[in-house]
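Novice: Could you have a look at this structure, given as structure tokens, before my questions?
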Amino acid sequence: MSEPARDARPPLVELRGVTRIYGAGQTAVAALAGIDLRIERGEFLAVMGPSGSGKSTCMNLIGCLDTPSSGSYRFAGVEVGALSRDQRARLRREYVGFVFQGFHLLGRSSALENTELPLVYRGLPAAERRELAKRALASVGLTGWESHTPAELSGGQQQRVAIARAIVTNPLLLLADEPTGNLDSERGREILELLARLNRERGITVVIVTHDEALARATRRAIHFVDGRIVGEDAPSGSPDHDHTREAA
Amino acid sequence: MIGSMVRLALLAIRRNVLRSSLTMLGIVIGVAAVIAMVTIGAGATAKVTSDLASLGTNLLLIRPGQGQMGPGGARSDSAMFEAQDAGAILAEVGGVAAVAPTASRPVQAIAGSRNWSTSVTGSTASFLDVRSWVLSGGRSFTESEERAGKPVCLIGATVRRELFGGRDPLGERMRLGKLTCEVIGTLASKGESTFGQDQDDFVLVPLRWFQRRIAGNLEVGAIFASARDGVSTPKVQSDIERLLRERRRSPTGEDDFSVRDMKEIATAVTGTTRVLTGLLGAVAAVSLLVGGIGIMNIMLVSVTERTREIGIRLAIGALEREVLAQFLIEAVVLSSVGGVIGIAVGLALAIAGVRTLAVPFVFQPGIVVLAFVFSATVGVIFGYFPARQAARLDPIEALRHE
Numbered sequence: 247m248s249e250p251a252r253d254a255r256p257p258l259v260e261l262r263g264v265t266r267i268y269g270a271g272q273t274a275v276a277a278l279a280g281i282d283l284r285i286e287r288g289e290f291l292a293v294m295g296p297s298g299s300g301k302s303t304c305m306n307l308i309g310c311l312d313t314p315s316s317g318s319y320r321f322a323g324v325e326v327g328a329l330s331r332d333q334r335a336r337l338r339r340e341y342v343g344f345v346f347q348g349f350h351l352l353g354r355s356s357a358l359e360n361t362e363l364p365l366v367y368r369g370l371p372a373a374e375r376r377e378l379a380k381r382a383l384a385s386v387g388l389t390g391w392e393s394h395t396p397a398e399l400s401g402g403q404q405q406r407v408a409i410a411r412a413i414v415t416n417p418l419l420l421l422a423d424e425p426t427g428n429l430d431s432e433r434g435r436e437i438l439e440l441l442a443r444l445n446r447e448r449g450i451t452v453v454i455v456t457h458d459e460a461l462a463r464a465t466r467r468a469i470h471f472v473d474g475r476i477v478g479e480d481a482p483s484g485s486p487d488h489d490h491t492r493e494a495a
Numbered sequence: 011m012i013g014s015m016v017r018l019a020l021l022a023i024r025r026n027v028l029r030s031s032l033t034m035l036g037i038v039i040g041v042a043a044v045i046a047m048v049t050i051g052a053g054a055t056a057k058v059t060s061d062l063a064s065l066g067t068n069l070l071l072i073r074p075g076q077g078q079m080g081p082g083g084a085r086s087d088s089a090m091f092e093a094q095d096a097g098a099i100l101a102e103v104g105g106v107a108a109v110a111p112t113a114s115r116p117v118q119a120i121a122g123s124r125n126w127s128t129s130v131t132g133s134t135a136s137f138l139d140v141r142s143w144v145l146s147g148g149r150s151f152t153e154s155e156e157r158a159g160k161p162v163c164l165i166g167a168t169v170r171r172e173l174f175g176g177r178d179p180l181g182e183r184m185r186l187g188k189l190t191c192e193v194i195g196t197l198a199s200k201g202e203s204t205f206g207q208d209q210d211d212f213v214l215v216p217l218r219w220f221q222r223r224i225a226g227n228l229e230v231g232a233i234f235a236s237a238r239d240g241v242s243t244p245k246v247q248s249d250i251e252r253l254l255r256e257r258r259r260s261p262t263g264e265d266d267f268s269v270r271d272m273k274e275i276a277t278a279v280t281g282t283t284r285v286l287t288g289l290l291g292a293v294a295a296v297s298l299l300v301g302g303i304g305i306m307n308i309m310l311v312s313v314t315e316r317t318r319e320i321g322i323r324l325a326i327g328a329l330e331r332e333v334l335a336q337f338l339i340e341a342v343v344l345s346s347v348g349g350v351i352g353i354a355v356g357l358a359l360a361i362a363g364v365r366t367l368a369v370p371f372v373f374q375p376g377i378v379v380l381a382f383v384f385s386a387t388v389g390v391i392f393g394y395f396p397a398r399q400a401a402r403l404d405p406i407e408a409l410r411h412e
């Protein structure tokens, strides 16, 4: 596996004719039915579509949690389909941060310990981990909440911890699967602003899955999924130079 | 990497104290029960074995009547022996080293202001040899004291303690009922018998004095005979039977006496103890099994509970083997800490048990190791394999797990 370079030519995400089929034979279901998608470094992208349209499946593929049934997915030039489980785990560990709708924090661990966790698997010494985790929590506005467990935090705060955990490794790509789905609109807006700021200030490529139109309008680019295909793309507030996606429908 | 996995594992253990302590409890109970029961059983067996030695070597017990087993047996209607029967056995049966005719009855012993209910046994000086008694002080009867029936006595350790306390009883006078005798010797303690009687609770006097002054007859309740070393005890036993049959002119067939090899009795008791130890061991094995099932359940439940946690760890980039290492370390730590606590509790229970039962403490390293290894294996297997199942899941599937 060649290392994905942080400043190389190839686009960060490049999907060509990607399908993802669950099951086999008669009961086979195509969650993705041939997707082409390019995401450049530094983009802020919304993935939209109704439930079951394949947007989460696409997200899992981009995040190297899953591999395509056919087609090619290159992450910063590396063919992900050819990687082993462990190699994909290492890729996630180094370059990808995840934020889930359900937060997915370790319930019995403090905010600081949750934030530290990816660094543990990177093998960083404890003092350095602590320092980086504190900084990440500070950047999501949770200074002073380090020792609280998720149960002691509000939903918005929990999602901030999850974001801190996702960015503590300084990833190239931040994937947020309906990050505001469990929050009220005010909290949701704050989380969105936080993600936009991380994209703007730290240059992290951010991809958000959502079905909130208002939320999608805040991003620079939005793509729409229906029945496992990308059916449209617009750039509500974005620059016109991100026209890499060929419409598949 | 192992260092951080160990830290993660210890953190997970600390973070869920209830789950951790329940897991350990299963191991503690299993290990402690096995160790306690087997150690106590071994102590009881050791006690019986040492009692066998204190019975005397090649000891035969000859009593009137049939079917009375053991020294506590009830009296029968059959005629008692006389002192001459004992003399005849010694003189006429080859291979007999010594005989001791005995007769006893309960008595109130008084010395100074203290008194004590005990029993008085009349016998000869050979009684000490035959029954393997050792003098702890003073001397035994002389032949002339025996013949003349002098009022002298030897006292067991219990009688000495109860009547004289810390005082030296030698040369003191004590009363047996209305009679007075002089203490000329003390006997070393033998402790409890296999049958749970205090063997040290008796006063030994010359048989003749006993017959004349205490019993008022010439009856002999039992004769102890010891066979010479290297002589077949069953042969001596049958020779004694033949002799007594002649002397007592018992009607055909029915013997009105019995000759028993004390070893037979003791062996029977040893057998019973072994069965008991086996039974305790079986009960302990069941508790070990139940403990094992407890560990298994908690481990299985907790892994199901933790599948989401495994999903989170995998999603943020943990390798399968790192997640496994953490769960394995958790299981090993819980199992070994539980095992060590179990060993400590088990030994403490065993010590308390042997004190209560007054048997020796026999440390059984084999059973300690066995119990520990069994519980630890169960803990590790059931901590590890369900975790492996979970760690092999797709991270997405594991995350969705409810």
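Top to bottom, those sequences are chains A and B.
Under the numbering used here, the first residue of the first sequence carries the number 247, and numbering increases by one thereafter.
Under the numbering used here, the first residue of the second sequence carries the number 11, and numbering increases by one thereafter.
Glycine included, every Cβ here is placed at the ideal spot set by N, Cα and C.
Straight-line CA distance for residue 410(B) to residue 318(B)?
Specialist: Rounded to the nearest whole angstrom, the CA to CA distance from residue 410(B) to residue 318(B) is 7 Å.
Novice: Rounded to whole angstroms, what's the CA-CA distance from residue 462(A) to residue 36(B)? Just pull it up for me.
Specialist: 54 Å
Novice: Output needed in chain order: residues of the segment 329-358 of chain B with a Cβ under 9 Å from some Cβ in chain A.
Specialist: 329, 330, 331, 332
Novice: Within 8 Å, do at least three Cβ pairs link the segment 437-449 of chain A to the segment 468-477 of chain A?
Specialist: Touching, no, given that fewer than three Cβ pairs across the two stretches are closer than 8 Å.
Novice: Under 7 Å, Cβ to Cβ, is there at least one residue of chain A near residue 30(B)?
Specialist: no
Novice: Straight-line CA distance for residue 62(B) to residue 276(B)?
Specialist: 6 Å
Novice: Could you list which residues in chain B have their beta carbon closer than 7 Å to that of residue 364(A), in chain order?
Specialist: 326, 327
Novice: Tell me the rounded alpha-carbon separation between residue 255(A) and residue 340(A).
Specialist: 19 Å
Novice: For a test of the three-state rule: what should DSSP assign to residue 34(B), helix, strand or coil?
Specialist: helix
Novice: Let's test the definition: count the other Cβ atoms within 10 Å of the Cβ of residue 261(A) and tell me whether it reaches 16, buried, or not, exposed.
Specialist: Buried is the call here.
Novice: Tell whether a beta-carbon distance below 7 Å holds between residue 454(A) and residue 405(A).
Specialist: no
Novice: Taking DSSP as the reference, what is the three-state secondary structure of residue 315(A)?
Specialist: In the structure shown, residue 315(A) sits in coil (DSSP, three-state: anything other than H, G, I, E or B).
Novice: Determine, for residue 344(A), whether the minimum Cβ-Cβ distance to residues of chain B falls below 7 Å.
Specialist: yes
Novice: Measuring alpha carbon to alpha carbon, tell me which residue in 235(B), 227(B), 355(B), 336(B) is nearest residue 272(B).
Specialist: The shortest Cα separation from residue 272(B) among 235(B), 227(B), 355(B), 336(B) belongs to 235(B).
Novice: Starting from residue 423(A), follow its DSSP beta bridges and name the residues at the other end.
Specialist: 455(A)
Novice: Along chain B, which residues have their Cβ under 8 Å away from the Cβ of residue 350(A)?
Specialist: 318, 321, 322, 325, 409
Novice: Roughly how many angstroms lie between the CA atoms of residue 355(B) and residue 379(B), to the nearest whole one?
Specialist: Straight-line Cα distance between these residues: approximately 15 Å.
Novice: Out of curiosity, what's the CA-to-CA distance linking residue 189(B) and residue 247(B)?
Specialist: The alpha-carbon of residue 189(B) is positioned some 37 Å away from that of residue 247(B).
Novice: Starting from the N-terminal side, write out each stretch of the alpha helix (DSSP H) that is 4 residues or longer and does not extend beyond the segment 208-294 of chain B.
Specialist: For the segment 208-294 of chain B, the full-length alpha helix (DSSP H) segments reaching 4 residues or more read 243-258 along the chain.
Novice: Beta carbon of residue 326(B), beta carbon of residue 364(A): below 7 Å?
Specialist: yes
Novice: Say whether chain A places a C-beta atom closer than 7 Å to the C-beta of residue 398(B).
Specialist: no
Novice: Using a Cβ-Cβ cut-off of less than 7 Å, list which residues of the segment 306-323 of chain A approach chain B; keep chain order.
Specialist: 306, 311, 312
Novice: Can you tell me where the alpha helix (DSSP H) with residue 306(A) in it begins and where it stops?
Specialist: 301-308
Novice: Between residue 284(B) and chain A, is the shortest Cβ-Cβ distance under 7 Å, so that the two count as touching?
Specialist: no
Novice: Does the segment 374-392 of chain A come close enough to the segment 314-334 of chain A to have 3 or more Cβ pairs within less than 8 Å?
Specialist: no
Novice: Just mark residue 387(B) as buried or exposed, buried being the case when its beta carbon has 16 or more other beta carbons within 10 Å.
Specialist: exposed
Novice: Taking the alpha carbon of residue 97(B) as the point to measure from, which residue in 226(B), 134(B), 382(B), 361(B) has its own alpha carbon closest?
Specialist: 134(B)
Novice: Below 8 Å on the Cβ atoms is my contact criterion, and I expect residue 333(B) with residue 401(B) to pass it. Report the Cβ-Cβ distance as a whole number of Å.
Specialist: 5 Å
Novice: What does the alpha-carbon distance come out to for the pair residue 249(B) and residue 152(B)?
Specialist: C-alpha of residue 249(B) to C-alpha of residue 152(B): approximately 30 Å in a straight line.
Novice: Taking the DSSP output, what are the residues bridged to residue 480(A)?
Specialist: 468(A)
Novice: Pull up the distance between the alpha-carbon of residue 275(A) and that of residue 394(A), whole angstroms please.
Specialist: 43 Å
Novice: Three-state secondary structure (DSSP) at residue 125(B)?
Specialist: Strand at residue 125(B).
Novice: Taking only three categories from DSSP, how would you classify residue 309(B)?
Specialist: helix
Novice: Do you know how far the Cα of residue 350(B) is from the Cα of residue 146(B)?
Specialist: 44 Å
Novice: Would you call residue 367(B) buried or exposed, if buried means 16 or more other Cβ atoms sit within 10 Å of its Cβ?
Specialist: Exposed, because fewer than 16 other Cβ atoms sit within 10 Å of the Cβ of residue 367(B).
Novice: To the nearest angstrom, how far is the alpha carbon of residue 491(A) from that of residue 287(A)?
Specialist: No answer about residue 491(A) holds up, because its pLDDT of 42 lies below 50 and its placement is not dependable.
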